[in-house]
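Chains A and B, in that order, give the protein sequences. Quick note on numbering that gives the first Met the number 0: the first sequence kicks off at 0 and runs consecutively. Quick note on numbering that gives the first Met the number 0: the second sequence kicks off at 0 and runs consecutively. Glycine included, C-beta positions come from ideal geometry on N, C-alpha and C. Predicted model only: the values in this text are computed from it and were never measured. Notes follow once the structure below has been shown.
Number of protein chains: 2
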Amino acid sequence: MRYEVEQKHRVGDAAALIARLAARGVTLEPPLEQSDEYFAHPARDFAKTDEALRIRTSGEKCFVTYKGPKLDAATKTRRELELPLHPDDGGARQFAELLAALGFTPVATVRKRRRQFRIRHAGHDVEGSLDDVDGVGGFVELELVADDLSLDEARRVIRELAGELELGPSERRSYLELLLATN
Amino acid sequence: MRYEVEQKHRVGDAAALIARLAARGVTLEPPLEQSDEYFAHPARDFAKTDEALRIRTSGEKCFVTYKGPKLDAATKTRRELELPLHPDDGGARQFAELLAALGFTPVATVRKRRRQFRIRHAGHDVEGSLDDVDGVGGFVELELVADDLSLDEARRVIRELAGELELGPSERRSYLELLLATN
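Right, dumping it as structure tokens:
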């Protein structure tokens with residue numbers, strides 16, 4: 000069974016975390032500017048249906064991402080559709096115009112600098128992202144995609160690693176929810 | 000003022016029309032397979048709002064096209080947004096999945112073989128398309144885009160040309176409307 004376990008933690012002191020990662024031989028990718036423009040549906044309340052629609056601009060690339068409702072509360076598995084847009088043709092702007100014409104309205108834009116890394120723990124490769132989110136603050140996300148673990152084991156791997164990296168309590172809300180909560 | 004005047008006529012005998020075009024030195028492009036999948040909006044009745052949303056596959060190319068309501072009954076001017084999709088990545092299928100996830104439902108698919116041509120009349124280049132539409136029949140469309148004519152003059156050019164080509168009365172309904180009317 001394939002599990003994706005993801006956990007997010009607020010980071011007060013990014014430099015200290017980077018030093019702890021360096022001590023384990025982990026280096027971070029250069030920061031990538033990411034901008035996620037979220038949209039509201041003309042007839043559905045995405046906050047209630049647990050869906051999301053956004054246009055992501057990540058460095059030079061653009062995507063439309065749709066996230067369906069969680070299929071299963073335990074694993075947070077959800078349907079995700081991602082379509083590439085043409086960045087050179089103003090694809091993101093054109094798609095935003097199409098959404099507007101169809102009655103979708105912009106909700107908020109989450110802007111961040113993301114530095115990705117990969118860290119080995121208990122025989123597993125964990126994907127990490129150190130994010131500096133405008134108006135929300137610093138966070139680190141840890142994600143484990145595992146075929147060979149039970150859900151409980153995958154969670155334990157992530158929890159142990161978070162402990163070793165001296166991360167605080169986890170944050171369950173999305174960046175969009177956190178941003179909207181500050182307004 | 001820029002006018003787009005478009006007129007469509009049913010063609011009973013395509014071979015006879017092709018011969019009349021040939022007599023004027025006009026040759027047709029090779030036929031292009033076009034497939035237009037139309038969608039209904041989750042909260043708006045596009046038939047009433049005079050809008051349309053479709054995925055067009057034309058030969059090797061794919062587009063999403065949105066047509067807004069006619070801004071002006073006289074010139075049939077309407078807002079049109081066209082976004083290219085990635086045909087090699089299954090862009091059309093992915094976009095159809097995204098629309099389905101957002102509550103858009105397929106209405107019908109208009110399939111046709113289109114042969115384009117260009118014909119000079121009264122000092123103007125008129126764009127033509129000879130279409131063989133599945134379930135609907137043969138039609139020819141004539142379109143004039145003119146900056147230097149009044150609307151009445153542009154209409155007169157198209158009407159005169161239609162007369163010289165011995166076309167019958169014009170058809171105002173779209174191929175989608177014609178297809179739905181046969182069901």
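Kindly say whether residue i, judged by its beta-carbon, lies nearer than 8 Å to any beta-carbon of chain A.
i        : result
Val63/B  : yes
Gln93/B  : yes
Ala194/B : Because chain B spans 0 through 182 in this model, residue 194/B falls outside it and cannot be assessed.
Ala100/B : yes
Glu59/B  : no
Leu97/B  : yes
Gly67/B  : yes
Residue i CB to nearest chain B CB: under 8 Å?
i        : result
Gly127/A : no
Pro41/A  : yes
Glu5/A   : no
Ala107/A : no
Gly24/A  : no
Pro83/A  : yes
Leu80/A  : yes
How long is the line joining the alpha carbons of residue i and residue j, rounded to whole angstroms?
i        : j        : result
Tyr65/A  : Val109/B : 27 Å
Pro41/B  : Gly122/B : 46 Å
Arg172/A : Asp130/A : 15 Å
Leu160/B : Val139/B : 12 Å
Lys47/A  : Lys69/A  : 12 Å
Glu96/A  : Pro83/B  : 14 Å
Leu143/B : Ala39/A  : 39 Å
Glu152/A : Asp124/A : 14 Å
Ala21/A  : Ser169/A : 22 Å
Arg77/B  : Thr76/A  : 42 Å
Leu101/A : Ile118/B : 36 Å
Thr181/A : Leu148/B : 57 Å
Leu98/A  : Asp44/B  : 16 Å
DSSP three-state label for residue i, please.
i        : result
Asp151/A : helix
Ala107/B : strand
Ala22/A  : helix
Glu50/B  : coil
Lys5/B   : What sits at residue 5/B in the sequence shown is Glu, not Lys. Strand, per DSSP.
Val139/B : strand
Gly67/A  : strand
Val156/A : helix
Does the separation of the CB atoms of residue i and residue j fall below 8 Å?
i        : j        : result
Phe116/A : Leu27/A  : yes
Gly127/B : Leu141/B : yes
Glu81/B  : Gly67/B  : no
Leu175/B : Ala107/B : yes
Val10/A  : Gly137/A : yes
Glu32/A  : Pro105/A : no
Arg23/B  : Glu165/B : no
Val4/A   : Ile157/A : yes
Pro183/A : Arg113/A : Not covered by the structure: residue 183/A. The range shown for chain A is 0 to 182.
Cys61/A  : Arg55/A  : yes
His8/A   : Gly162/A : no
Phe94/A  : Val63/A  : yes
Between which two residues does the beta strand (DSSP E) containing residue i stretch?
i        : result
Arg43/B  : Neither: Arg43/B is in no beta strand (DSSP E) and is coded neither H nor E.
Asp130/A : 123-132
Pro83/A  : 76-84
Ser169/B : Segment: none, Ser169/B is in no beta strand (DSSP E) and carries neither H nor E.
Glu32/B  : 31-39
Quick check on the DSSP output: the alpha helix (DSSP H) that includes residue i runs from which residue to which?
i        : result
Thr181/B : 174-181
Glu96/B  : 90-100
Under 7 Å from any heavy atom of the ligand FAD, does the C-beta of residue i make it?
i       : result
Cys61/A : In terms of ligand content, the structure shown is empty, and the ligand FAD therefore cannot be addressed.
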